[in-house]
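In the working numbering, the protein residues as written are 6 to 378. Built from N, CA and C at the ideal position, the CB exists for glycine as well. Read the structure below first, then the notes.
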């Protein structure tokens, strides 16, 4: 069983799908590991570190030759995987809804593509969940990006020259990224509030020392989706939330938005009018900018200034913490493959619950129900 680890080619991608730590663990399972030269360079991992862990380091052609499993952060085009074994697995984040043509290419090439972002959010798969591990870092980095852009201090400071007021931070969307953003902003000394369409998050917000901002008395609207994600809000909820949030946003120094709905454009949380209501010097960080954005006027890959308000729209935020993001991502992949490793056959054998959830292609066809519906 040969496992190949590729150097990422997507623009701005600095992560790597395996570290020397996980390479060594795969070898302990009985696999051989081949790493493309330079794969870990942007994540501060030298080729020599992989070699010391027992992996071979070579060019892409030699790395892929006869590979049974290819690990990636972002899936490459099928044409870039020439030389792998028939029916080889591609295990990566594959963006199935947006890159359907690429998925069709995997099917045509006879690859079995496994999309790690389709991992079901069940207890036994928590250690395999790339979305959670990477979102956690995104929430942390969003606060640091906001602090770097904001022209003032975060904590309250009492000095001989007078008092500096604490920054007011509002987090919209309290999933993994939002919870980490709350915790990080609190650690930096900010006055933090947060909101979400899921009523169950109210206690989580309070447990982190932040103030929950919630729509009340809107009967039967909870915003609860499947798999731990928020669902789409009803028009009634949207109207009630807009009224509540508008008054709150106008008083904030920093707003961080994190709301995503799998397979759909990100919900619009902040309008241009709400941006205009904020004071000059305020900052908004839109973590959903690559999915269409939560903020009107946000631009992917840019920081735009509207009426003195900075709207930060960094792409691929986890990649901006490449070393830690790679360590967590690679452990997710190892936890996944090792959980299904069959000692007798010397390879992983998936069960139906997780296999059917993440398998996109098999036998030359697209087979995932979420892509066929």
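- Residue 39 places its beta carbon 7 Å or farther from that of residue 66.
- Relative to residue 221, the option among 287, 200, 348 whose CA is nearest is 200.
- Between the segment 159-179 and the segment 248-268 there are three or more inter-stretch CB-CB distances shorter than 8 Å, so the stretches are counted as touching.
- CA-to-CA, the gap between residue 353 and residue 23 works out to about 17 Å.
- Listed in chain order, the alpha helix (DSSP H) elements of length 4 or more contained wholly in the segment 38-115 are 52-57, 65-69, 105-113.
- If you ignore the 5 residues before and after residue 279, its C-beta comes within less than 6 Å of the C-beta of 251, 254, all in its own chain and listed in chain order.
- Here residue 136 is not near residue 118, since their CB atoms are 7 Å or more apart.
- CA-CA distance, residue 7 to residue 62, rounds to 13 Å.
- Closest option to residue 97, judged by alpha-carbon separation, among 357, 356, 342: 342.
- If the five residues before and after residue 37 are omitted, its C-beta is found closer than 6 Å to the C-beta atoms of 7, all from its own chain and listed in chain order.
- For secondary structure counted as the alpha helix (DSSP H) over 4 or more consecutive residues, the segment 133-205 holds these complete runs in sequence order: 135-154, 181-192.
- Cβ-Cβ distances below 6 Å link residue 73 to 6, 7, 90, 93 in the same chain, with the five nearest sequence neighbours on each side left out; the list follows chain order.
- Residue 95 and residue 87 have their C-alpha atoms some 12 Å from each other.
- Residue 327 counts as buried, since no fewer than 16 other beta carbons sit within 10 angstroms of its beta carbon.
- Secondary structure of residue 263 (DSSP, three-state): coil.
- If you look at residue 318, you'll find it in the beta strand (DSSP E) that goes 314-318.
- Between the alpha carbons of residue 125 and residue 131 lies a gap of roughly 9 Å.
- The count of Cβ pairs closer than 8 Å, one atom from the segment 144-153 and one from the segment 179-188, reaches three, so the stretches are in contact.
- Short of 6 Å from the beta carbon of residue 25, and not among the five residues preceding or following it, lie these beta carbons of its own chain, in chain order: 54, 55, 58.
- If you draw a straight line from the Cα of residue 169 to the Cα of residue 219, it is about 29 Å long.
- The C-alpha of residue 324 lies about 19 Å from the C-alpha of residue 152.
- Within the model, the alpha-carbon separation for residue 27 versus residue 12 is close to 16 Å.
- Taking residue 350 as reference, the option from 15, 18, 31, 35 with the minimal CA-CA separation is 35.
- Residue 19 has its alpha-carbon roughly 6 Å from the corresponding atom of residue 48.
- Contact between the segment 261-280 and the segment 291-298 is present: three or more C-beta pairs spanning the two stretches fall below 8 Å.
- Around the beta carbon of residue 128, fewer than 16 other beta carbons sit within 10 angstroms, so the residue counts as exposed.
- DSSP places residue 27 in the uninterrupted alpha helix (DSSP H) bounded by 25-34.
- Look at residue 240 here: in three-state DSSP terms it is helix.
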